[in-house]
DNA sequence: TGTTATATTGTAATGATTACATATTATACT
DNA sequence: AGTATAATATGTAATCATTACAATATAACA
Ligand SMILES: [Mn+2]
Ligand SMILES: [Mn+2]
Ligand SMILES: [Zn+2]
Ligand SMILES: [Zn+2]
């Protein structure tokens, strides 16, 4: 399911929502709510932060966006809701996609009575940029 | 590395820290800072929330505790720092351990230049208790 | 026992997210 | 086109987890 697919049938379209959707479509940067707000604001300086959160909630309810808890400081959003995994930089928190179908089946016993609905693999490490500048400035968030 | 192993050589021992360590040792419930605070408070009613956070930070620095971002509402802490994975209930947020060594190797190309330091598999689903009461009360956190 | 670096405490500050009341507007129906 | 109305946007305030800070207390060691 693409984020824009049949979306105008599902929600009332507004300029703000259109701008948010345009920003999200095909976006692989896993932006935070603030990233979205700051970007959309360039074109729509009057947009409210609350509108960004409201729209994200709406898109989540429609399964057009996936919320990631992978970053310990803020929620990140992924317009690609197809099954895939992630690699995160411990320093700048840049997140990139990994499209590999790992064998992650577990037995009923191993599932300890849980009904499993989805699986997610997180790889943690250092991105190329942060590895180079490792000993200099630390803790700087990604601003690509 | 066990959480208590040689710990008195590493940090200044205090009654508060001893109580926190005692609570954490062998604990598989993946408590939040508040869970720790509430439990330790029964024995040490004067303990401060800040002390819990400070101690957790110290233990993280010593690699005696692992911080989990798996719960979208609060950080959770795991005194078992050995490699293992987790299964979380989408409803009550109960987290259980999975000790399976999944094949998660990826090529250098797949790693996109990242240096990978650790891997973590998250399984999401419903715990047995929440599955039973699915249609009644929702969103209730685990209080085991 | 005294010294001192380190830890604890209470409180205030921060930062992300949510709640709420009011104003605006997209959509559908004359 | 004009109007009604339910949904949406906005600004502000509230909430909640976590962190910062300054004053007080204490574990470790001589
Ligand atoms: Mn992704
Ligand atoms: Mn665990
Ligand atoms: Zn990086
Ligand atoms: Zn549950």
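Residue numbers (the numbering used here), protein chains in the order written: chain B, 1 to 144; chain A, 145 to 288.
We put the CB at the ideal spot given by N, CA and C, even for glycine.
Once you ignore the five residues that flank residue i on each side, which residues in its own chain have a CB closer than 6 Å to its CB?
i                      : result
residue 141 of chain B : 92, 93
residue 206 of chain A : 154
residue 193 of chain A : 181
residue 161 of chain A : 199
residue 135 of chain B : Low confidence applies here, because residue 135 of chain B scores a pLDDT of 49, under 50, leaving its location unreliable and the question unanswered by this model.
residue 130 of chain B : 89, 91, 92
residue 183 of chain A : 167
residue 156 of chain A : none
residue 196 of chain A : 177, 180, 181
Count the other CB atoms within 10 Å of the CB of residue i; is the residue buried (16 or more) or exposed (fewer)?
i                      : result
residue 217 of chain A : exposed
residue 137 of chain B : Because the pLDDT of residue 137 of chain B is 49, which lies under 50, any placement of that residue in the model is unreliable, and the number read from its coordinates should be weighed accordingly. It counts as exposed.
residue 199 of chain A : buried
residue 191 of chain A : buried
residue 176 of chain A : buried
residue 125 of chain B : buried
residue 70 of chain B  : buried
residue 262 of chain A : exposed
residue 20 of chain B  : buried
residue 181 of chain A : buried
residue 245 of chain A : exposed
residue 35 of chain B  : buried
residue 83 of chain B  : exposed
Kindly list, in the order they appear in chain B, the residues whose Cβ is closer than 9 Å to that of residue i.
i                      : result
residue 267 of chain A : 104, 106, 111, 114, 116, 117, 118, 119, 120
residue 219 of chain A : 72
Could you say which of the options lies nearest to residue i if we only look at CA atoms?
i                      : options                    : result
residue 256 of chain A : B:116, B:22, B:128         : B:128
residue 240 of chain A : A:205, A:166, A:223        : A:223
residue 265 of chain A : B:45, B:104, B:15          : B:104
residue 90 of chain B  : A:187, A:197, A:260, A:174 : A:260
residue 132 of chain B : A:157, A:277, A:258, A:275 : A:258
In the DSSP assignment, what residue or residues form a beta bridge with residue i?
i                      : result
residue 125 of chain B : B:89, A:260
residue 210 of chain A : A:222
residue 176 of chain A : A:220
residue 97 of chain B  : B:86
Please list, in chain order, all residues of the same chain as residue i whose beta carbon is under 8 Å from its beta carbon, the five residues on each side excluded.
i                      : result
residue 123 of chain B : 85, 86, 87, 88, 98
residue 41 of chain B  : 47
residue 65 of chain B  : 3, 24, 56, 59, 77, 78, 79, 81
residue 253 of chain A : none
residue 68 of chain B  : 30, 75, 76, 77, 78, 86, 95
residue 15 of chain B  : 44
residue 106 of chain B : 116
Under 8 Å Cβ-Cβ, which residues of chain A neighbour residue i?
i                     : result
residue 87 of chain B : 255, 256, 258, 260
Less than 7 Å between C-beta atoms, sequence neighbours within five positions excluded: which residues of the same chain meet that for residue i?
i                     : result
residue 25 of chain B : 3, 4, 79
residue 27 of chain B : 79
Quick one: list the residues of chain A neighbouring residue i, beta-carbon separation under 9 Å, in chain order.
i                      : result
residue 126 of chain B : 258, 259, 260, 261
Check the Cβ of residue i against every Cβ in chain B and list those closer than 8 Å, keeping chain order.
i                      : result
residue 213 of chain A : 69, 70, 71, 72
residue 242 of chain A : 106, 110
Anything in chain B within Cβ reach of residue i, meaning under 7 Å, just list it in chain order.
i                      : result
residue 185 of chain A : Those within 7 Å of residue 185 of chain A in chain B number zero; the least Cβ separation is about 25 Å.
Residue i versus chain A: which residues are under 7 Å apart at the beta carbon?
i                      : result
residue 131 of chain B : 259
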